[in-house]
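First up is the structure itself, then whatever we jot down about it.
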Amino acid sequence: MDNNDSSDYIPDNDSDAETSESDNPTNKSVSQLLNYLKTNVIVNCTEDDYVDIVVDIFENIQDYMQESMIRISSPDFYKNLISDITEIFYDYWLDADLCHDDDYDDVKELVENVVEVYLDFSGDIPRSQKYDSLNQQLILTPNDVQKLTEKIEHLNKIPQPTQRTKEWYDFRYNLITASSVWKALSSQANKNSIIYEKCKPLTYSLGSMQTNVTSTLHWGVKYEPLSVMIYEDMFQTHIGDFGCIPHSTYDFIGASPDGINIDKTNPVRYGRMLEIKNIFNREITGIPKEEYWIQTQVQMETCDLDSCDFFETRFKEYQSNADFYNDEEHEYKGIILYFIQKTGGFGIDISNVQIYNNSPKYVYMPLSIEKTEDAIQQWVDNTREELKNEYTLYSTIYWYLDEYSCVLIDRNRQWFESALPQIREIWETIVKERVDGYEHRAAKKHANKTVTVENNKDTNTQIIHNMPLKRPVCLVKLDSCA
């Protein structure tokens with residue numbers, strides 16, 4: 001099983017983005033920073049001068065963190081911080097003849113070391129953290145547990161419309177949900193996109209809608225319950241589902257967390273949010289993408305919780321049941337039964353019907369079942385018997401967990417305060433343009449170019465301009481021996 005064990009806040013020299021994680025407290029001290037500065041960057045200064053230089057770097061880092069907090073959502077935040085601070089001091093020292101042209105890398109390494117010490121001692125919330133054991137996490141106090149219990153009970157009491165009903169769609173239509181907030185903080189094109197989506201009138205379709213079970217979107221839906229099962233098993237906890245939660249203060253913001261740890265006996269994770277991403281075709285780096293990091297921050301802010309486990313998984317499927325039974329390498333593997341409904345229909349009252357409910361039904365074999373043919377067949381037979389009146393078994397899926405990553409994301413109130421004005425502005429624009437018109441927000445369509453033919457009488461040739469090609473074509477002229 002492959003999981004990323006990198007443990008530095010600061011990126012390696014060959015890395016494109018920082019790992020933003022610290023498993024162990026840094027061994028560096030201010031005295032070590034001073035020694036590095038003396039021997040590698042600037043020589044022939046007084047001790048007080050060296051101290052002033054390190055303090056100056058610390059203050060620049062602090063100013064950068066405060067002024068650029070909105071940008072911490074970017075996976076490259078720390079990388080950019082180091083680069084920007086390095087440029088400031090390298091240029092200043094170069095102009096003052098305190099360093100040479102070839103000292104840039106030494107200055108950068110000094111700044112990296114100062115940033116590492118700063119993050120350990122400043123109390124600033126890191127973008128995310130990786131961990132490998134419960135021993136590295138703070139144990140909740142009885143007072144913590146009591147406060148979290150009150151919050152969870154409050155969330156449980158919030159009224160929830162039935163999923164995929166008219167009421168449910170109306171409710172979500174009048175919110176910017178956590179998974180979409182990144183658009184409000186992004187490019188103008190993405191801002192136009194979310195405004196257009198939220199202004200466009202809702203349509204309700206009654207009747208069956210074919211589900212594309214081969215799409216990457218459906219892959220995530222199919223494997224999310226399985227990710228929850230594995231997370232619960234790995235960390236000996238239990239996850240509760242809370243639906244779509246509106247923000248208690250900002251009624252235009254809402255969140256639908258994948259779950260919250262509700263097992264009081266777990267001394268570390270009780271009250272911690274869970275966000276799952278089932279990866280299909282991209283690399284798992286252990287560094288949350290910007291839109292996912294923003295999503296978790298808005299979820300924590302909405303639910304008034306202070307931490308979230310960001311759990312990424314990659315599942316793969318066996319080609320045959322023989323491959324499944326012969327595999328002794330993967331710890332987590334199992335079976336999904338894919339059922340289809342025998343009959344179905346809808347009522348007349350639109351407010352009470354479920355929209356697009358003609359979806360596959362998946363039943364997941366419990367992880368505790370012994371991986372023997374007899375035990376599995378017994379479970380399959382029992383499941384089919386329970387569902388035989390309504391469902392038919394369509395196929396059996398044999399899966400294994402190929403890779404996973406779990407990182408801790410702490411709530412960053414300062415970031416949310418920085419982002420809130422932009423989110424509010426987008427919502428106010430939505431409310432206004434629902435009345436005044438929103439059509440100008442639609443994505444611009446590229447006009448089809450006119451196909452023209454140019455005749456060349458001198459060479460007796462023709463050139464076709466703007467001819468559409470669905471795919472490139474390679475023409476190879478073969479000689480007579482080919």
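Counting in UniProt numbering, the sequence shown runs from 1 upward without gaps.
Don't be surprised by glycine CBs; every beta carbon is placed ideally from N, CA and C.
In whole angstroms, what separates the C-alpha of residue 329 from that of residue 371? When rounded, the separation of the alpha-carbon atoms in residue 329 and residue 371 is 13 Å.
Rounded to whole angstroms, how far is the Cβ of residue 299 from the Cβ of residue 257, which I believe are closer than 8 Å? 5 Å
Does DSSP put residue 335 in a helix, in a strand, or in coil? Looking at residue 335 - three-state DSSP - the assignment turns out to be strand.
Closest by CA to residue 289, which one among 307, 312, 306, 303? 312
Given residue 93, which residues of its chain have a CB within under 6 Å of its CB, disregarding the five upstream and five downstream residues? 99
Is residue 339 buried or exposed, if buried means 16 or more other CB atoms sit within 10 Å of its CB? With at least 16 other beta carbons inside 10 angstroms of its own, residue 339 counts as buried.
Buried or exposed: residue 392, going by 16 or more other Cβ atoms within 10 Å of its Cβ? exposed
Give the straight-line distance between the Cα atoms of residue 244 and residue 221, rounded to the nearest whole angstrom. 16 Å
Residues that DSSP places opposite residue 405 in a beta bridge: Paired residue(s): 312.
Which of the three DSSP states is assigned to residue 307 in this structure? strand
Integer Cβ distance of residue 315 from residue 250, believed to fall under 8 Å: The Cβ separation is near 36 Å, so there is no contact.
Quick check on this structure: which residue in 335, 253, 261, 169 has the alpha carbon closest to the alpha carbon of residue 379? 335
Cα separation between residue 420 and residue 297? Cα to Cα, residue 420 sits roughly 12 Å from residue 297.
Any idea what DSSP makes of residue 191, helix, strand or coil? helix
Taking only runs that begin and end inside the region 61–141, name each unbroken alpha helix (DSSP H) of 4 or more residues, in chain order. 77–95, 104–121
Could you spell out where the alpha helix (DSSP H) holding residue 387 opens and where it closes? 373–387
Would you report the Cα separation of residue 215 and residue 281, rounded to the nearest angstrom? 11 Å
Looking at C-beta atoms only, is the number of pairs between the region 254–270 and the region 144–157 that lie closer than 8 Å three or more? yes
How far does the alpha helix (DSSP H) with residue 217 in it extend, from its first residue to its last? 216–235
Can you find at least 3 beta carbon pairs, one from the region 175–185 and one from the region 412–429, that sit closer than 8 Å? yes
For the region 159–174 and the region 101–111, state whether three or more C-beta atom pairs, one from each stretch, are separated by less than 8 Å. no
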